[in-house]
Structure formats: C-alpha cells, structure tokens
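Shown next, in structure tokens, is the structure this report addresses.
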Amino acid sequence: MINATLKQLGVALRAKQISSVELTQLYLDRIATHNPVYNAYITVNAKTSLAQAAAADTLLAAGDAQALTGIPIAQKDIFCAQGWRTTCGSKMLADFIAPYDAHVIEQFNRAGAVNLGKTNMDEFAMGSSNETSYFGPVRNPWNPKAVPGGSSGGAASAVAARLCAAATGTDTGGSIRQPAALCGISGIKPTYGTVSRYGMIAFASSLDQAGPMARSAEDCALMLNVMTGFDERDSTSLQRDKEDYTRDLNKPLTGLRIGLPKEFFAEGLSADVGSRVAEALAEYRKLGATLVEISLPNTRLAVPVYYVLAPAEASSNLSRFDGVRYGYRAPEYTDLADMYEKSRAQGFGEEVKRRIMIGTYVLSHGYYDAYYLQAQKIRRLIAQDFTDAFEQCDVIMGPTSPSTAFNLGEKGDDPVQMYLSDIYTIAVNLAGLPGMSIPCGFGDNTMPVGLQIIGNYFDEARMLNVAHQYQLATDWHSRAPL
Amino acid sequence: MSLSTADVQKVARLARLAMNNTEIEAARSQLSGIFELIAEMQAVDTTDIAPMSHAQDLSQRLRADNVTETNQRELFQSIAPQVESGLYLVPQVIE
Amino acid sequence: MSWEIVIGLEVHTQLSTQTKIFSGASTTYGAEPNTQADAVSIALPGVLPVLNKGAVERAIKFGLAVGAHIAPRSVFARKNYFYPDLPKGYQISQFDLPVVGMGALTIQVEPLSGNAKPYEKVVRITRAHLEEDAGKSVHGASQGMTGVDLNRAGTPLLEIVSEPDMCSAAEAVAYAKALHTLVRWIGISDGNMQEGSFRCDVNVSVRKPGEPLGTRREIKNLNSFKYMQQAIDYEVQWQIDTIENGGKIHQATILFNPDTGETRAMRSKEDAHDYRYFPDPDLLPLDISEEWKESLRATLPELPEARRVRYVNELGLSAYDANNLTSSREMADYFDTCVNTVGVHAPSPQSSPASGRGGERGNQSSILAKLCANWLTGELSAQLNRDGLDMAQCPVTAQQMSGMLARIVDNTLSNSGAKEVFRTLWAEGGEADAIIESKGLKQVSDSGAIEALVDEIIAANADKVAEYRSGKDKLFGFFVGLAMKASKGKANPAQLNDVLKQKLAG
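Quick look at the structure:
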C-alpha cells in the first residue's frame, strides 16, 4: 500500500479495500517509527489527522469522493493551517498556532484530503540542504548521512521514505526541484501565480510558488489539480480557467523538441550527473523527441541576481516578526529597540539573519540602483533568454542540481558554495516559468540524480506529459530507498 | 567587494538585529564573500532595459469596497506575547 | 522683515471608504481596540494585500479636482521601518510613481494681522499618493508599557504634497482650509479633524531674500487650523532667533505642544531616514484607463473654485460672500437651492428691502442672490454657531428657508417679521406661510390702505406738516413712527416711505 500511486489509493479507498482512517494510521505508524531518524516532520497531530480521515470515510461512504479524498498528504510547514502549529522551520514561530488556513490548505480540505502533518524545512525556506531548520536537519532516506536538499527537505524525505502519499513544497529558487532531485522523487513548481500564495509564509514574494512533491509525474498532476486555482486574496493569483493537469499525460512524444542549454552542461557539473542526464536524453530520443542545442547566455548571472532580489524582498517580508503580535519575544530587554533587536536576533537563525542583512544592505540608501535596480534589469534579460529559447524548442532539459546529495555539514561554513548549487534552478523562478525535476538514475555515490524539465508559461500539462512518458519507459521513479 | 565594520553595524541596526562584535566581524567576512559573488552583475550593460518586478506583466486587480471581515480579536490575541484590555503591549514608546 | 518664510504641506487625508485599503475590515471610527484589526491589519504571516477600488476612485477624483495628471500606471512601494503601530514593519505607499501628479489649488488668503487685504494665490500640488494608515499607540495603557490598537492600521490615506509655495502661516492655513473643503466637497473624506481624518505635516524654513532655501524642519500631525497657525508662528520665530543668534538649523521632525504653544524635536525614529523603498512584490502596477477616469470626472460636482467664480461673476456677489458660501458644499448647495427656489416662489420681485435699491430686471437674480447670501452668512450661520451645529445638521431645510425668503421678496414679510419666522422655523419647524398666518406677520403692502393711513395722519397733524414743508426735514421720522404705529408695525416700510414722501411734499 505504501508504494501505491495516488490513483491506486483513490481506487482502493473508493472500493473500500482500505479506509482513510486505516491508511492514515498506517502512515502515522511509519512516521512514529522512522521520523526519529529522518526528522522529516516538525509537527504530527494524529488526533486531528484521524478525525479528518474519519470525515473523509464518511464522504467516501456517501459516494462523494474526489480524486484525493481520504489520502494523507504532508504539508510543508510554511503553509498556515488553522489550529496547527506552523513554524516555518524557525524558533521565531516555534509556538505559533496558525489562526487561519492557507489557500492551499483550504484546497486540500475541500478535496477531502487528510493533513498528515507539517514537514521540516530550511528556516523561512532559506537554504538548499535543510540544515538551517531550527528543528534540526532532515536526513536523506537514501543515505542518512546525506542532506535531502532544501528548502522543502522534509517533504522530499517524507515522500522518498514513504512517510506520506504525497507532499506539498514551495520553490523560490529551486526548493521543490532540488530536494526532489536529491531524494529521487518528482516535483513541479508551476508557473508563478498558478497556486495562491495566500497563507504561505512569504520568503521572496515575487519568486515564491507552491507545488507538489510526489513519487511520479502522474501523482504530481493529481496534486496540482487540487492546489491550483484563482484566489482573490492574492493579487498575483492568475485568473485562469481550472485545468485538468492529467489531460495530456498519455500523449506520445513524437516530434517533441527538447532544448539543451549549453550553459547547463558546462564547467561545474559533476560527471556522474552529466552522464545520467545524457542517458535520460537518449531515452527521450527513443520516445521520438529531437534534441536542440540552445543558449541561455545570462545563466551565470542568475545566482548574483537572485541573491540580491530574494534577500531584498525577504528582509522586508520578515520585518513583521517583531515580537509584538505573535511569535517569539525575547525574555529580557531594556526598552522597545532592545526588545526588537533581541527578539529578532534570538528568534532568527544564522542563514536568515545573513539574508536579512544582505537584503537590507542592497536596499539601503545609495546602493539601491547599483544592486536592486540592476538585478531587476538583469532579471528581464534572463527572462528574455527563455522567451528566445522557446522559439526553438518545446521544453528545456538539463540537470536539476550540479551534484548529488552531499553530506550534512559538508558545505557548512561557506554560504557562497551553497548558493552556487542553485545555479540551474534559480533562473526559472526569476522568469516565473514552470520547472520540474524527475529522477533519472543514480550517481557514483548511489545517490539519486534529477532531470530538470523547464516549460513555457502555463505549459505544466505538457511537462507532466513529457515526464510521465519517461516514467512509463523507465522505473527510476519507483525505486525506493528502503 | 569588502564591507566595513561600520557598514555591517549600520545594517544590523536598520534590520533590528542585535549583534555583538564577534558576530559583526563574522558577518562582515561572510557578507564580503557574498558581495563578491553579487559584484559579477555590475559589469552588465543594462542601458534601456526596464526593471522587472513581476513574472507577468499584469495590472492590479481591485477589490469591491465591501466589509468581509469580522472581529476575531480573541483568536488573534490568543497567540500574542502580551496583551491587556484588547491592546498589544510593548515597552514604552517615547515620541 | 528681512526674512522670507518658505512653507510646504503634506496632508494625510483618510478616505471615506467602508473598508481598509488592502483588506475587507471595517474602517468605522471608535470601535473597541483591535476589533477591526483583521488578519491583514495585524500582518499575520502569509496574508496578502488586495487593493480597494473605492480608495483608488477617491484618489482619482481628487486628482481630477485639482487638475492633475492621473498616472495611467502607478506603483505601490514598501517604506520600511520598525514601529509598534506598523505591523508589517513596512508601510505600503507610493514612491516614484504616484497615482496623482502635478496639480494646483487656488486659495483665498485672509491675512491674519494688520490691514492687509485678502488676496488670491495658486498653490501647486506636487503629487498625491495612496498609502495605508498606521495603528495607534495608547500611552500608559499598562504600567510602563504602551498599548497598540491596530483598528486604524490599513485605513486608506491620500497623502497630498504641496510645493513650498506658501510664505506665511496665513497662506498655509488658507491652503489647508481649501484642501479640507475640497476633500469633503468631492466626497472623498469626512475631513473630521478631531478623529484624525485630516492631518497636516508642515515643512518650515526661513531664508534671506535671494538666498537658497534654508534647512527645513517638519512639524508633524497638526490636526487643527488654529494649532497650525500657532505652530508655524512659533517655529518661524524660533528659526529666525536661532540663526540670528549664530546657530544653525538642522533637519528635524518636530511636534507642536498646544498646551505650551511650543515645538520640540521628536526623540524617536532617529534612524528612520533610510526607508529602503522598493516596489511591493505583493501588488501589481495600478492601471487607470481613460474610460474609468472620464466616468469619474462625470460624477464630480461643480467645484468650490468654479462656484465661487460663478457667484461673483454671474450672481454679482462680493468675493467675501462667495468665499463664505463656498466654505462647504452643504452651504453652497443650500444657497443654490434657496436662490433657485425663491425665484420660483416669487417670480417677479418689485423691490427688495434687503438691498434697499430698486430692481432693474437684469439685476433681479443678483438681488435675490444677495438676499439669500445675507441670510445664510448672517442669521443662519450665527444660529448654527450658537447651537454648535454644522451645515449638514441644520434644522431648517433649504426648502423651508426658501419659503420664508420668498415672502421677503414679495413684501409679505418685513425684516423683523422674517426674523421671527426664521426663529420659529429653527425651533419648531413648519412652513413659513403657515407661521405668517398664525402669528399675523403679514405686512401691509396694499397701497390703498397705506395711502388712507397716511392721509389720516396728515390731516390730524396739520401743524407738523406745515413745519415739515417749511424745511424741517427731520420731522420725516416722526411721521414714519406715527404711520408704523397706526399700522401696528405691519406696513411695508419702503412703501410707507414712498407714500409719505409723496404726500408730505404736497
């Protein structure tokens, strides 16, 4: 049952082969056993989850079930869920009980899905290894010494370790795709504006986008069907007709033009990752696709641009954490300024403080034009690179991450090295495009390798089709670490 | 690019982050490394390029001027560090 | 006076929307603390702003009313600083692309001292932008603590920034008053100054003529015209004294203390000068179409300046009367209703006791207007003042007032009779004609009756008539008195005068 796809689980639930309560209990038991090792969950609330499962069973019995009714889903701890502790991986919100539901949570509730728990993450989604969480690092199920990637490391680990049926993640610079790659699962970040950001604790508002993390492209499509949709409470939510993301899964790939950016296969890419990606591309040729070399000339600028824009937005977004209305307040202080400074210094971890400082600096008087404005201009050049590229191809492919999962503590003290590992994923967020990662084999250290698929705006259904066809022809996505 | 201790102190103050001298120095060295990475941008000629703030070139949607919210003070203040008589309490503000 | 004063104003006016600028929470004044502080107002993690259409409409209307450029695309920016009444740690405002661009306002300045004459001046408005209000700090809420009430947080504000075009406290006050009148006139703000709906920040500097601008100090949050004048007077003198004593002015934010009449520098926000403005990524650019703008222009009433000019040019009113009548839209509308309605009730006035001049036909509307103006700026305004009411609360409607004014025009009422009718309308309501009837206030205008009465008096006072006719003009008053007494005070005085003059002349 723990290896069943979402579609199979839906069938089993509707056929009463298993109840939602039983399925939920099964996962809760697995979490109780394995979470002490992987630390994938920050909060589990068995009573609440089982109550939701019981309600789902009622719907199932009444024949009112939708695709995900009764299925236990792990929620990244960045989504506010009413009555649930919602920490965002931070001491600042260690005791924060969310008083409302994020739009994503509402969507899952409406679909009758079960909230299985809140997954671990880099603090305020700032990190690529899940080592910045106040609640401790997450372990990679393929090798507990290795990181799961980040920031949605808990979600990736939970999906890979079969501690949930599927999970949600968020992706500001690769936080869905990179941990999906490092944990050998599938994940998609849709076009910016497709999933409402309402109730998703903001990191960098113009880049943040939620998406599913699951064991297959097909599961991702079913999850995306639930997560997307217009929400009037988010000004950047797009007013578009509801789509069925499974609609094109079975289309053949004959004639598909796959663009390969030469910058993605240059210096800095590990040989083993490069080989696995090349093998995957060979498989696509067998499936009828043609490969086209393209160029994204501003790729190397994506990292510096991102590390100006994201921290700038973050420095402002995180100003609300001041110890006044909710969240951590320092136990001792002399006056108001001291209360602010101590609460924030004690409530935020090192990486978050570092990014707040970068962001504050680049926005401060005299530096705005040289940093922030210049970064916004180059952002347009980067987006334009993709527009030009999609003249020549239907999807773009390449590695998700330059290397497979590294060991905990390995990149410890050098933030620049850590930032550079986001090189292939960041540009997609800057452009607002959809991006996906699917497993395509294993590296020299037997850790999973991810293949990145980048689509044009609103081309998620095609990307899922492209991924699904590959998953019909290969079995990397169904390999389990256990 | 290298930041001065005074730069870091000023930024920490603006961001309301208490930092001792050791922390300031550590931050100074790390931030300097990051700003070296960021400095790569400076060489790019961006004359006539419009800054890009949003992924899509759309305009702001407007909300009808109707009351939709109800009083949830009790719920919201149940998670507040310090409240009294419906007010959030902070150390004395001097104007 | 060897010093020039340079003043610019930043006025924050709360817009009269039902809900906040970025959320559907109510903006009603005076609610229990934090009961109107919704998730967006208290900046819960994950909440997002959505712009209120009503706030944008009001900003556009203001821009149109001051002849300003309305930006087809404007942008919201974040102004970052920490303060307990600012829950997000930033204020959503507009920075380099405001919704309203350069405009102008014509003001009527009444110098506060000396015998200087009133004059007109055009003050340029640099810009006006939309932003959100902050909450309120309640000092001494608890021992050694400050309380924070976020009901006001997120209330829409239009910040109206003037050029430094004013050079006296009188001009600054005249500008602030004109702006205050305008925002209420076009219905974008209730302008309630006690409730903080209209707050002025005044930038003041001094310089010697011909020298570059001096360093300015900003007096924050003045919410009364009287305080504004006092604060500016004090500040100007302080700056001049400081410079003349060899000191320098440093840029500062200062507060005015109405109890002492002095200004002092604020102690907080000392490092708030680096606001780190950047475009708010949660909000998209605000686009205003030509159609939307024009549809709002069509809803604008005739503006105070246009109406003031019309009153002077078309109705022949004095500048003084025109200013007073256009001090509020309620007053001006009341006046217009009176002028129009009285004209209908009394289509052909023969003469006007109020003006004391015979009427040529072309002047009839002017005479009527002057009569109405006198009553509104005189008796009615005085009565409103006595009862502490404003025009909107006036117990006598324009229709009731017109009913009475029509009876002055058609000579049914004498001036004293009219005052009695007005007092009755004010206290008891009703309708002028019924009051005249029940109180017997109808004056005698029947020329036959008046002639008979005068004939009787002349016959009974032959000796006095002879004295009068021999040149003792002063006796005319004696005859008027007798005649009035004989008519029990009801004779139309003008008519009586005419008849007496004619008959006494023999």
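Chains as they are written, first to last, in my numbering: chain A, 41 to 522; chain B, 31 to 125; chain C, 670 to 1175.
Each residue gets a CB set at the ideal place from its N, CA and C atoms; glycine is no exception.
A quick note: this is a predicted structure, and the numbers were derived from the prediction, not measured.
Select from A:P252, A:I241, A:Q48 the residue whose C-alpha is nearest the C-alpha of A:A121.
Residue A:I241 is the option with its Cα nearest to A:A121.
Using C-beta distances below 8 Å, list every residue in its chain close to C:N1166, excluding the 5 sequence neighbours before and after it, in chain order.
V1149, listed in sequence order.
Comparing the C-beta of C:T815 with each C-beta of chain A, is any distance below 9 Å?
yes
Roughly how many angstroms separate the alpha carbons of A:L522 and A:L100, rounded to a whole number?
31 Å
Exposure label - A:N505; buried when at least 16 CB within 10 Å:
buried
Sub-9 Å separation of C:E983 and C:S1050 beta-carbons:
no
Would you list, in chain order, the members of the region 944–958 of chain C that have their beta-carbon closer than 9 Å to a beta-carbon of chain A?
Y944, R945, Y946, F947, P948, D949, P950, D951, L952, L953
Which full runs of the alpha helix (DSSP H) of 4+ residues lie inside the region 898–986 of chain C, going along the chain?
959–966, 973–982
Quick check on the DSSP output: what are the complete alpha helix (DSSP H) runs of length 4 or more inside the region 1092–1171 of chain C, in order along the chain?
1101–1108, 1116–1129, 1131–1138, 1145–1155
With a threshold of 8 Å, establish whether the CB of A:E372 neighbours any heavy atom of the ligand MN.
In the structure shown, the ligand MN is absent, as is every other ligand, since no ligand is present at all.
Strictly below 8 Å CB to CB, what residues from chain A border B:Q90?
S275
CB of A:G167 within 9 Å of CB of A:D211, strictly
Taking 9 Å as the Cβ cut-off, A:G167 and A:D211 do not qualify as a contacting pair.
A:E390 lies in the alpha helix (DSSP H); which residues open and close that run?
390–403
What is the residue span of the alpha helix (DSSP H) that A:S60 lies within?
60–78
Could you tell me the alpha carbon to alpha carbon distance between C:S710 and B:T77, rounded to whole angstroms?
Here the alpha carbons of B:T77 and C:S710 stand approximately 40 Å from one another.
Measure the Cβ-Cβ separation of C:G883 and C:I918 and say whether it is below 9 Å.
yes
Can you check the region 98–157 of chain A for any alpha helix (DSSP H) of at least 4 residues that lies completely inside it and give the ranges in chain order?
143–150
Using the three-state DSSP reduction, which class does B:M137 fall into: helix, strand or coil?
Outside the shown range of chain B, which is 31 to 125, sits residue 137 of chain B, and nothing can be said about it.
Given a cut-off of 9 Å, decide if A:R384 and A:M161 are closer than it, judged by their beta-carbon atoms.
no
Residue from A:A306, A:G406, A:Q416 with nearest C-alpha to C:P948
A:Q416
Bridge partners - A:S39, DSSP secondary structure assignment
Nothing can be reported for residue 39 of chain A, as the shown portion of chain A is limited to 41 through 522.
Could you check where the beta strand (DSSP E) with A:D428 kicks off and where it finishes?
No beta strand (DSSP E) holds A:D428; the alpha helix (DSSP H) holding it covers 414–429.
Counting beta carbon pairs with one atom in the region 182–192 of chain A and one in the region 87–94 of chain A, are three or more of them shorter than 8 Å?
no
Please report whether the beta-carbon of C:A1023 lies at a distance below 9 Å from any beta-carbon of chain A.
In this predicted model, C:A1023 has a pLDDT of only 44, less than 50, meaning its place in the structure is not dependable enough to derive any value.
How far does the alpha helix (DSSP H) with C:Q777 in it extend, from its first residue to its last?
Careful: C:Q777 lies outside any alpha helix (DSSP H), inside the beta strand (DSSP E) at 772–778.
Give me, in chain order, the residues of the same chain whose beta-carbon lies closer than 8 Å to that of A:D525; leave out the 5 immediate sequence neighbours on both sides.
No answer is possible for residue 525 of chain A: it lies beyond the span of chain A, which begins at 41 and ends at 522.
Quick one: what's got a C-beta closer than 8 Å to C:S858's C-beta in the same chain, skipping five residues either side?
T682, Q683, L684, S685, R727, L827, V852, S866, F867
CA-CA distance, A:S19 and A:G193?
Since the first residue of chain A shown is 41 and the last is 522, residue 19 of chain A is not available in this structure.
Cβ of A:P371 less than 9 Å from any chain C Cβ?
no
Taking 9 Å as the threshold (beta carbon to beta carbon), is B:G63 in contact with chain C?
no
A:Q65 versus B:A85: straight-line alpha-carbon distance, rounded
42 Å
Per DSSP, which one or two residues make a beta bridge with B:E114?
B:L117
Which of helix, strand or coil DSSP assigns to C:P729:
A quick correction: the sequence has Ile, not Pro, at residue 729 of chain C. In the structure shown, C:I729 sits in a helix (DSSP, three-state: H, G or I).
For the alpha helix (DSSP H) containing A:M503, list its first residue and its last residue.
500–513
From C:I794, C:Q920, C:R976, residue whose alpha carbon lies closest to that of C:I829
C:I794
When DSSP builds the beta bridges, which residues end up paired with A:G251?
According to DSSP, A:G251 bridges with A:G209.
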